[in-house]
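Colleague: Sequences listed follow chains A and B, in order.
According to our numbering, the stretch in the first sequence is residues 6 to 119, in order.
According to our numbering, the stretch in the second sequence is residues 504 to 616, in order.
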Amino acid sequence: KAGVTQTPRYLIKTRGQQVTLSCSPISGHRSVSWYQQTPGQGLQFLFEYFSETQRNKGNFPGRFSGRQFSNSRSEMNVSTLELGDSALYLCASSSTGTGRETQYFGPGTRLLVL
Amino acid sequence: AQSVTQLGSHVSVSEGALVLLRCNYSSSVPPYLFWYVQYPNQGLQLLLKYTTGATLVKGINGFEAEFKKSETSFHLTKPSAHMSDAAEYFCAVSAEAGTALIFGKGTTLSVSS
């Protein structure tokens, strides 16, 4: 099976712009989670989608949003970018999204905000 | 609420030496515990996990970890380090109710020849 794929891999934006990141989960996986990784804050949970519904959300401002499509692919959007949004954004998928399941991570999208 | 503490942000060992990366967790419910490894410019790869059953868990690349409820610990060990083990290691905890992984700050492992 192909792994989790994320596009694009690298992105440069300027403050105030918005950005959309894409994630394709492993075939058959219905749960997709997003994480932000920064040197200062480490790995932080953004949100999780299951069957096109947001099921769980981390402590991030409303500028961070996401959605999931019927084929389980997910997108994450950040509006009004700030310098502090520069980070590696990781997507992870699992079969049904229970806590005991392994989450399989993609390679990430590295976002730089200038 | 759940949390994870990884003691030591940087651990250095010689090739062939024992690797010990420490992880302590806090959880109000029975936890599920994970160790992930991240190589430069890559995502996270699962090394091993504890859900239920045997408290000594064996993972890939010769790593193992032991769940000790009384000490709220889940330390990662490997008897003999290889140069290829140099990477960043993350301990994480989750609960049955949701899939949010709570990660520790990570430990960078350096291996010298």
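We treat Cβ as the ideally placed atom computed from N, Cα and C, and that holds for glycine.
Predicted model, so just to flag it, every value in this text is computed and none were measured.
(1) Counting Cβ pairs, one atom from each stretch, are 3 or more of them under 8 Å apart for the stretch 572 to 581 of chain B and the stretch 86 to 96 of chain A?
(2) For the stretch 81 to 104 of chain A, enumerate the residues whose C-beta is nearer than 7 Å to any C-beta of chain B, in chain order.
(3) Could you tell me which chain A residues have their CB closer than 7 Å to the CB of residue 611(B), listed as they occur along the chain?
(4) I'd like to know if residue 604(B) contacts chain A, where contact means its C-beta is closer than 8 Å to some C-beta of that chain.
(5) Give the straight-line distance between the Cα atoms of residue 514(B) and residue 76(A), rounded to the nearest whole angstrom.
(6) Closest Cβ-Cβ distance between residue 593(B) and chain A: below 8 Å?
(7) What is the rounded straight-line gap between the Cα of residue 564(B) and the Cα of residue 550(B)?
(8) Please report the Cβ distance between residue 595(B) and residue 532(B), rounded to the nearest whole angstrom; I am assuming they are in contact, meaning their Cβ atoms lie under 8 Å.
(9) Taking DSSP as the reference, what is the three-state secondary structure of residue 563(B)?
(10) What in chain B is Cβ-close to residue 48(A), meaning under 7 Å?
(11) What are the boundary residues of the beta strand (DSSP E) that residue 94(A) is part of?
(12) Since residue 512(B) meets chain A, which of its residues come closer than 8 Å, beta carbon to beta carbon?
(13) Check the C-beta distance from residue 101(A) over to residue 27(A) and give it rounded, since I have them as a contact under 8 Å.
(14) Who does residue 83(A) pair with in a DSSP beta bridge?
(15) Determine the direct distance from the alpha carbon of residue 60(A) to that of residue 78(A), and round the result to whole angstroms.
(16) Does any C-beta atom of chain B lie closer than 8 Å to the C-beta of residue 113(A)?
(17) So for residue 113(A), helix, strand or coil by DSSP?
(18) Closer than 8 Å, CB to CB, is residue 597(B) near chain A or not?
(19) Answer with buried or exposed for residue 23(A), where buried requires no fewer than 16 other C-beta atoms within 10 angstroms of its C-beta.
(20) For the beta strand (DSSP E) containing residue 53(A), list its first residue and its last residue.
(21) Starting from the C-beta of residue 560(B), find all residues in its chain whose C-beta is less than 6 Å away, skip the five residues before and the five after it, and write them out in chain order.
(22) Tell me whether residue 586(B) is buried or exposed, calling it buried when 16 or more other Cβ atoms sit within 10 Å of its Cβ.
(23) Answer with buried or exposed for residue 46(A), where buried requires no fewer than 16 other C-beta atoms within 10 angstroms of its C-beta.
Modeller: Taking the coordinates as given:
(1) no
(2) 95, 99, 102, 103, 104
(3) Ordered by position in chain A, no residue passes the 7 Å Cβ test against residue 611(B), which lies about 11 Å from the chain.
(4) yes
(5) 42 Å
(6) yes
(7) 8 Å
(8) In fact, because the Cβ distance is near 15 Å, the residues do not count as touching under 8 Å.
(9) helix
(10) 593, 606
(11) 92 to 99
(12) Per Cβ cutoff of 8 Å: no residues; residue 512(B) is ~10 Å from chain A at best.
(13) The Cβ separation is near 22 Å, so there is no contact.
(14) 24(A), 69(A)
(15) 15 Å
(16) yes
(17) coil
(18) yes
(19) exposed
(20) 47 to 55
(21) 551, 553, 568
(22) exposed
(23) exposed
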